[in-house]
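Student:
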Amino acid sequence: MAILTDYMEKKLLDHIFGQAAFTRPNELYLGLSTTAFADADNGSTAAAKEPSGNAYARVRIDNISEYNTAGFIQNSSSIDFAEATGSWGSIGYWGVFDGSGSSANMLMHGSFSSATTVASGDQFRIAIADFRMLFPSAIYTANSNATYSEWRKQIGYRLGFDILGASPDVDEEF
230 MAILTDYMEK KLLDHIFGQA AFTRPNELYL GLSTTAFADA DNGSTAAAKE PSGNAYARVR
290 IDNISEYNTA GFIQNSSSID FAEATGSWGS IGYWGVFDGS GSSANMLMHG SFSSATTVAS
350 GDQFRIAIAD FRMLFPSAIY TANSNATYSE WRKQIGYRLG FDILGASPDV DEEF
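Going by my numbering, the sequence shown runs without a break in its numbering and finishes at 403.
1) Since I believe T314 is in contact with A286 (beta carbons under 8 Å), could you give me their beta-carbon distance rounded to a whole number of angstroms?
2) Using 8 Å for Cβ pairs, my map puts W323 next to G260. What's the rounded Cβ distance?
3) In whole angstroms, what separates the C-alpha of S349 from that of W317?
4) Keeping to the same chain, check which residues put their C-beta closer than 7 Å to that of P254; ignore five residues upstream and five downstream.
5) Across which residues does DSSP place T346 in a beta bridge pair?
6) Just confirm the distance between the C-beta atoms of D309 and Q352, as a whole number of angstroms; I'd bet it's less than 8 Å.
7) Which partner residues of G300 appear in the DSSP bridge assignment?
8) Helix, strand or coil for G328 per DSSP?
9) Using the rule of at least 16 other Cβ atoms within 10 Å of the residue's Cβ for burial, across every protein chain shown, is A275 buried or exposed?
10) If the criterion is Cβ atoms closer than 8 Å, does the pair M362 and I290 meet it?
11) Taking the beta carbon of D359 as the centre, do at least 16 other beta carbons fall within 10 Å, making it buried, or is it exposed?
12) Tell me which residue opens and which closes the alpha helix (DSSP H) that I245 is part of.
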């Protein structure tokens, strides 16, 4: 399960309601973390949660997606991170960014179905079609007695994206 960040929610609302146009980023990058990203994370707070050093770098993903007739976007080639030169820890979370550096905005974030420990010599890899994103068919289904926090939680989950399929593979080279 994944949700849009506070930054992206505001950009989309501004765009939809004519407050300010939102231009699609030229490049999108996938980042990894051992710690859950938060909706309010900005470039530097999100970057601080990613592995540091050991050949870790975000991977460009906007050039590998395809629209599926079932209504979702999925990766049309594997998403391959560099081989780790040291431990990255137990990777359980991901974020999509509008750039590769620490000042880039995080647009959405989520968690993998299970965490994968990346040690020196491992390569974190997401197989073809295992990274799928979609908008659900319904946004709000709570009853009228729902509290604001329940409503916001449901909106966050409903406006978010899902990662479907198997958990990412980690290929070890011997």
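The beta-carbon is built from N, C-alpha and C at its ideal position, and this holds for glycine as well. The model shown is predicted, which means the values in this text are computed figures rather than measured ones.
Tutor: From the atom records:
1) Contact flag wrong, Cβ pair sits at about 12 Å.
2) Right, the Cβ-Cβ distance comes to about 7 Å (below 8 Å), so this counts as a contact.
3) Cα to Cα, the separation comes out at about 8 Å.
4) D327
5) S319
6) About 7 Å; that satisfies the 8 Å criterion.
7) None, per the DSSP bridge assignment.
8) coil
9) Around the beta carbon of A275, a 10 Å sphere encloses 16 or more other beta carbons of the protein chains shown; the residue is thus reported as buried.
10) no
11) buried
12) D235 to I245
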